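Data first, discussion second: the structure below is written as structure tokens.
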Ligand SMILES: Cc1cc2nc3c(=O)[nH]c(=O)nc-3n(C[C@H](O)[C@H](O)[C@H](O)COP(=O)(O)OP(=O)(O)OC[C@H]3O[C@@H](n4cnc5c(N)ncnc54)[C@H](O)[C@@H]3O)c2cc1C
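Numbering (this note's numbering), first residue to last: 1 to 289.
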């Protein structure tokens, strides 16, 4: 692969990496390289110097009080295989397992998936549903942003030049006695596996013993400039049973939450129909849970 990069630096600490990024305008972080190498080759991104994040200790998943902290350099394979993530954030585990094929999952990182800013980033809807926060650091200090404020548009995030994502914070919730939780991630593409999403849905419902929805959180990918929470559909469903009437109302409401475009992968109209179908299937499953 021919990429116009003159230098690769492998800092041994976050401070060293931040110093290079602050000092050099042509420097860009690289984690797994599964997005960046392709973009450099195609001339869609430029970098004179790559700052390899591999030795900064940013990989790993740990319990942090009432939350799980996922390091930015944690691979999709590690996320998908983690028992705590599978148990508490099954949509994220499933999304990570659907990022490309297994060799890609062994290199692709969570930080890279977010920092790349793709509307189709598969982990983003799951993180929206988890109400995750993203920790970013720069030479100026550390800040934490809700994931919804981190994602700004196609190829755009809230990262300022010289900032690094260091981790993603996933708050753990407690289920009231008798309530059941259902959480899913599904994506639609031209084939079942190894595709960039045409539409993706991450959804979490908590169902009370009487069958009504105590909590419903919905987020979609590839249907707007960023992955989005479907707040109108959530409000429509709040407190109701996911019966036929509620499902019909939700299918209409979700259309207000999305703004898909026609592109090479699918027409906008297909995306609108697919979003409604994925939501309906999820609600049917929640009704049976
Ligand atoms: C064959 C193939 C299939 C793919 N399939 C999918 C798919 O199904 N779903 C999907 O969502 N994606 C897919 N991707 C895209 C890609 O694998 C993911 O987005 C991946 O998570 C990117 O992570 P990375 O570590 O490789 O990032 P890199 O390529 O290393 O970096 C991506 C961007 O993020 C920046 N960056 C990386 N880490 C940080 C950090 N910690 N702080 C600040 N900036 C950072 C880099 O500067 C760069 O701009 C696919 C890619 C390929 C090549």
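C-beta: ideal position from N, C-alpha, C; glycine also. None of these values were measured; they are calculated from a predicted model.
> By a C-beta neighbour count over all protein chains shown, 10 Å radius and 16 as the cutoff for buried, is residue 152 buried or exposed?
Replying inline: Counting Cβ neighbours within 10 Å, residue 152 comes out exposed, since fewer than 16 surround it.
>> Short of 6 Å in beta carbon distance, which residues of its chain neighbour residue 186, apart from the five on each side in sequence? Order them along the chain.
In response: 201, 278
>> Can you tell me where the beta strand (DSSP E) holding residue 7 begins and where it ends?
In response: Run containing residue 7: 7-9, per the beta strand (DSSP E) assignment.
> Going along the chain, which residues of its own chain have a beta-carbon closer than 8 Å to the beta-carbon of residue 64, five neighbours each way excluded?
Replying inline: 169
>> Which same chain residues end up closer than 6 Å to residue 205 when comparing Cβ atoms and leaving out the 5 residues on each side of it in sequence?
In response: Answer for residue 205: 182, 213, 216, 286, listed in chain order.
> Going by alpha carbons, who is nearest to residue 22 out of 221, 198, 161, 229?
Replying inline: For residue 22, the closest C-alpha among the options 221, 198, 161, 229 is that of 161.
>> Could you check whether the Cβ of residue 117 sits closer than 6 Å to any heavy atom belonging to ligand 1?
In response: no
> If we count the other Cβ atoms within 10 Å of its Cβ and call it buried at 16 or more, is residue 197 buried or exposed?
Replying inline: buried
> Is the beta carbon of residue 120 sitting closer than 7 Å to the one on residue 221?
Replying inline: Residue 120 is a Cβ neighbour of residue 221, given a cutoff of 7 Å.
> Do you know how far the Cα of residue 30 is from the Cα of residue 107?
Replying inline: 11 Å
> Is residue 151 helix, strand or coil when you go by DSSP?
Replying inline: strand
> In terms of alpha-carbon separation, which member of 62, 112, 43 lies closest to residue 54?
Replying inline: Answer by Cα proximity: 112.
> Given that a residue counts as buried once 16 or more other Cβ atoms are within 10 Å of its Cβ, and exposed if not, what is residue 167?
Replying inline: buried
> Can you name, in chain order, every residue of its own chain whose Cβ lies under 6 Å from the Cβ of residue 95, other than the five neighbours on each side?
Replying inline: 122, 123, 126, 185
> For the region 2-19 against the region 47-61, are there 3 or more C-beta pairs whose distance is under 8 Å?
Replying inline: Segments in contact, yes.
> Under a three-way DSSP split, which group does residue 14 fall into?
Replying inline: helix
> Going along the chain, which unbroken runs of the beta strand (DSSP E) with 3 or more residues stay wholly within the region 217-248?
Replying inline: none
>> Suppose the cutoff is 6 Å on Cβ atoms and the five residues either side in sequence are ignored; what does the same chain contact list for residue 27 look like?
In response: 20, 21, 49, 51
> By how many angstroms is the C-alpha of residue 264 removed from the C-alpha of residue 135?
Replying inline: 34 Å
> residue 199 bridges to which residues according to DSSP?
Replying inline: Residue pairing for residue 199: DSSP places it in a beta bridge opposite 188.
> What span of residues does the alpha helix (DSSP H) with residue 77 cover, start to end?
Replying inline: Run containing residue 77: 76-81, per the alpha helix (DSSP H) assignment.
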